[in-house]
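Visitor: According to the working numbering, the sequence shown holds residues 2 to 420 in order. Ideal placement from N, C-alpha and C gives every residue a C-beta, glycine not left out.
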Amino acid sequence: MTQRPSPTPAPVPGRREEIDRVRRLLYRALAPFWVVPTLWCLGAVAMGLAIPQIERDSPGALPFLFQGGASGARTVLSSIAGAMISVTGLVFSITIVVLQLASSQFSPRVLRTFLESRITQHTLGVFAASFLYSLTVLRSVIDTESSSVPQVGVTVAYLLVLGAVGMFLAFIHHITQSISVTNVIRQAADETRRLLHRGQEEARHHPETIPDLPHLGGQHTVLASTSGYLDTIDQSVLCSAATEHESRIELLYPLGSFVVEGAPVALVHGGGSGDVDWDARVHAGLGYAHDRSMQQDISFGVRRLVDIAERALSPGINDPTTAVQVIHELHDILRRMVVARDPYPVRHDDTGAVRLVTRDWTFAQFLDLAVDEIAHYGADSLQIPRRLDEMLLDLETAATPRHRPTVAAKAAHVRQVRA
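1) Within a Cβ cutoff of 6 Å, which residues of the same chain sit near residue 49, ignoring the five residues on either side of it in sequence?
2) Where does the unbroken beta strand (DSSP E) through residue 353 begin, and where does it stop?
3) With distances taken from CA atoms, which of 376, 281, 280, 357 is nearest residue 307?
4) Return helix, strand or coil for residue 261, following the three-state DSSP convention.
5) Taking DSSP's pairing of strands, which residues face residue 270 in a bridge?
6) With a threshold of 16 other CB atoms inside 10 Å of the CB of residue 251, please say whether the residue is buried or exposed.
7) Return the CA-CA distance between residue 372 and residue 130, expressed in angstroms with no decimal places.
8) Report buried or exposed for residue 316, applying the criterion of at least 16 other Cβ atoms within 10 angstroms of its Cβ.
9) Please determine if the region 254-267 and the region 216-232 are in contact, where contact requires at least 3 C-beta pairs separated by less than 8 Å.
10) Looking at the strands, I want to know which residues DSSP matches up with residue 289.
11) Please state whether the Cβ-Cβ distance between residue 374 and residue 311 is less than 9 Å.
12) Give the DSSP bridge partners of residue 347, in chain order.
13) Report the three-state DSSP secondary structure of residue 184 (helix, strand or coil).
14) When we look at the beta-carbon of residue 27 and count the other beta-carbons within 10 Å, is it buried (16 or more) or exposed?
15) Going by C-alpha to C-alpha distance, which of 286, 181, 151 sits closest to residue 66?
16) Keeping to the same chain, check which residues put their C-beta closer than 6 Å to that of residue 258; ignore five residues upstream and five downstream.
17) From this set, 411, 382, 360, which residue's C-alpha is nearest residue 370's C-alpha?
18) Tell me the rounded alpha-carbon separation between residue 415 and residue 391.
19) Taking residue 164 as part of the alpha helix (DSSP H), name the residues at either end of that continuous run.
20) Please go through the same chain and pick out, in chain order, the residues whose beta-carbon is closer than 8 Å to the beta-carbon of residue 283, but skip the five residues on each side of it.
21) Between the region 338-346 and the region 276-290, are three or more C-beta pairs nearer than 8 Å?
22) Excluding the five sequence neighbours on either side, which residues of its own chain have a C-beta within less than 8 Å of the C-beta of residue 119, listed in chain order?
23) So which of 190, 213, 53 has the shortest CA-CA distance to residue 303?
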């Protein structure tokens, strides 16, 4: 019989939850590939309209700025605009080629990493902004004797060109590094480790025992409002709704699961008044997506690494050394899991009452995901079985008493299948 834990601080509203919520909002706002280049373009157009107007209101030649006449200014701006749009097409073409190489050589699941690269987005943004800024300033240059030349405007265009050249050099360096298999694997593993560390830090504040869940009377089934992957869970929103109506929300899927529209996604125990729109309250705390992301889903990080290993072990590529590199990173991730306890699946209010029950991935499930497929596709390799045996032996040695039987059973299963 488990004991009821002592009251724990309510997660609603907490500083960590508020920070996570702001992070998710910024991620959703800036995640599309076109957002950052669009911001650059809007800023460039605004500057191109404002700077000549400010100069017109404050006439007078300024030192160290563009000293040519109207015809010279038109020539410079026209040259900059033509060159920038040409190089923008080159940068875009290089990006497309890199995406094709990454998809075919590594896995389609790593494309999101390339598309979310800020260096690529800012490079396209600077080149497009230089083009639009030059055209916008060019419209204010009047080729007459009495007209004033926007010295600051032309000089800023020149500075944008310098910035674009610097960004182009950084972009070329970034592209050459990003298509390296070592960096692709390392980046995927680092994102997984950061997310795992955040979850383990949060788990340390919860008790080890899971309390009994009292019967609250009445039950409402929440159906999925759309089809998609369960990408985020806002626990503070769900806990607030459950606390307000003295109920308990139980999620039926873990993060990363594909939910079909109309399928049960949560159960609300208790629920108070029948006037409460529980479908809307629960869906306000759930985020669906057409593609999985690394906002909260640790399993997606492991999935990406396993996919890279499987692609490397395919007959078309036949690169077991790359698969071994993936096993190295999986070993590090699993070792961090095997010495810690599984995620705490319940959340309390400030009185200690359970308000939210989640379905989290266990260490056994992560171990299955990390080992089974690689062991199957790498069974005929000389390197893969030996490296998996080394990893499982080390995990069994380092594991806590709760996880050690799981690792031992997995090692025995792998040896049995191989035999």
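Guide: According to the structure data:
1) Hits under 6 Å: 134, 137, 138.
2) First-last for residue 353: undefined, no H or E at that position.
3) A check of alpha carbon separations from residue 307 across 376, 281, 280, 357 identifies 376 as the nearest.
4) Reduced to three states, the DSSP call for residue 261 is coil.
5) Residue 270 pairs with 220, 249.
6) Of the residues assessed, residue 251 falls on the buried side of the cut-off, its CB having 16 or more other CB atoms within 10 angstroms.
7) Those two C-alpha atoms are separated by around 48 Å.
8) It is exposed - the Cβ of residue 316 has fewer than 16 other Cβ atoms within 10 Å.
9) At 8 Å Cβ cutoff, the stretches touch.
10) Looking at the DSSP assignment, residue 289 forms a beta bridge with 231.
11) Contact flag set, yes.
12) Beta-bridge pairing by DSSP links residue 347 to 358.
13) Helix, per DSSP.
14) It is exposed - the Cβ of residue 27 has fewer than 16 other Cβ atoms within 10 Å.
15) When only C-alpha atoms are compared, the closest one is 151.
16) Cβ contact annotation for residue 258 (same chain, cutoff 6 Å, sequence separation greater than five): 231, in chain order.
17) Ranked by how close their Cα comes to the Cα of residue 370, the residues 411, 382, 360 have 411 in first place.
18) Answer to the nearest angstrom: the Cα atoms are 12 Å apart.
19) Here the alpha helix (DSSP H) through residue 164 covers 152-179.
20) Exclusion of the five residues before and after residue 283 leaves 223, 239, 242, 250, 266, 267, 269 as the residues of its chain whose Cβ lies within less than 8 Å of its Cβ.
21) Between the region 338-346 and the region 276-290 there are fewer than three inter-stretch CB-CB distances shorter than 8 Å, so the stretches are not counted as touching.
22) Excluding residues within five positions, the ones whose Cβ falls inside 8 Å are 37.
23) Minimum Cα distance to residue 303 is reached at 190.
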